[in-house]
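Taking it in order: structure first as structure tokens, then the write-up.
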Amino acid sequence: MTDADTDGAHIQTLLLTFFYRYMRPLVEAGHVYIALPPLYKMSKGKGKKEVVEYAWTDGELEELRQKFGRGALLQRYKGLGEMNADQLWETTMNPETRTLIRVTIDDLARAERRVSVLMGDKPAPRRQWIEDNVKFTLEESGEMLF
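Reading the sequence shown from the start, the letters are residues 1 to 146 in the UniProt record's numbering.
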């Protein structure tokens, strides 16, 4: 679990590389997952009438804006530290409501090339690859190919 921004993606890359290089059987067995914290919280109303929903993408946020209409409050999460414990549990930790992506190795040669770029001596190519390739959304299949 990392922040849903480029810094979080960088940390995620380091963690995935660790699992790929030193614990590959866990990845091959499908036991490595990425937890997806939301980017936004939208709420409307107060007390028992308060309605709260979360969005993981800008598209989902736009849907919530239309659904909630005027008078809704929007919070953008810049990191996991901005969530209180209840929000973190509800959105990212609770097995019944969290969103996970299973990490798989689809193409061994491609995985080797990616790990070499991502863990090379130069941080600039790594950052560029992250900015070009990491989408902070859930793919339809629910899996992230490494």
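For every residue, glycine included, the Cβ atom is placed at its ideal position computed from N, Cα and C.
Exposure label - residue i; buried when at least 16 CB within 10 Å
i, result
"ARG24", "exposed"
"PRO95", "exposed"
"TYR22", "exposed"
"PRO38", "buried"
"GLU139", "The predicted position of GLU139 is uncertain, since its pLDDT is 43 and thus under 50; a value taken from the coordinates is nonetheless stated next. When all chains shown are included, GLU139 counts as exposed."
"HIS31", "exposed"
"ARG76", "exposed"
"VAL51", "exposed"
"THR97", "exposed"
"LEU14", "exposed"
"GLN12", "buried"
"ASP106", "exposed"
Option nearest residue i by Cα separation, candidates the options
i, options, result
"GLY8", "ALA35, HIS31, GLU28, ALA29", "ALA35"
"ASP5", "LEU80, THR97, VAL117, LEU74", "LEU80"
"GLY71", "ASN84, LYS48, LYS44", "LYS44"
"LEU74", "PRO125, LYS122, VAL134, TYR54", "TYR54"
"VAL115", "ARG102, LYS67, ILE130", "ILE130"
Sheet register partners of residue i (DSSP bridge)
i, result
"MET42", "GLU53, LEU74"
"ILE101", "ILE34"
Backbone secondary structure at residue i - three-state DSSP
i, result
"THR17", "helix"
"LEU36", "coil"
"VAL134", "coil"
"ALA9", "helix"
"SER141", "Bear in mind that the predicted position of SER141 carries a pLDDT of just 42, short of 50, making it too unreliable to give a figure here."
"ARG126", "helix"
"GLY120", "coil"
"PHE146", "At PHE146, the pLDDT of 40 sits below 50, so the modelled position is not reliable; the number obtained from the coordinates is stated separately. In this structure, PHE146 counts as coil in the three-state DSSP scheme."
"THR2", "coil"
"GLU96", "coil"
Residue i Cβ short of 8 Å to the ligand NAD heavy atom set
i, result
"LYS49", "This structure simply doesn't include the ligand NAD, nor any ligand for that matter."
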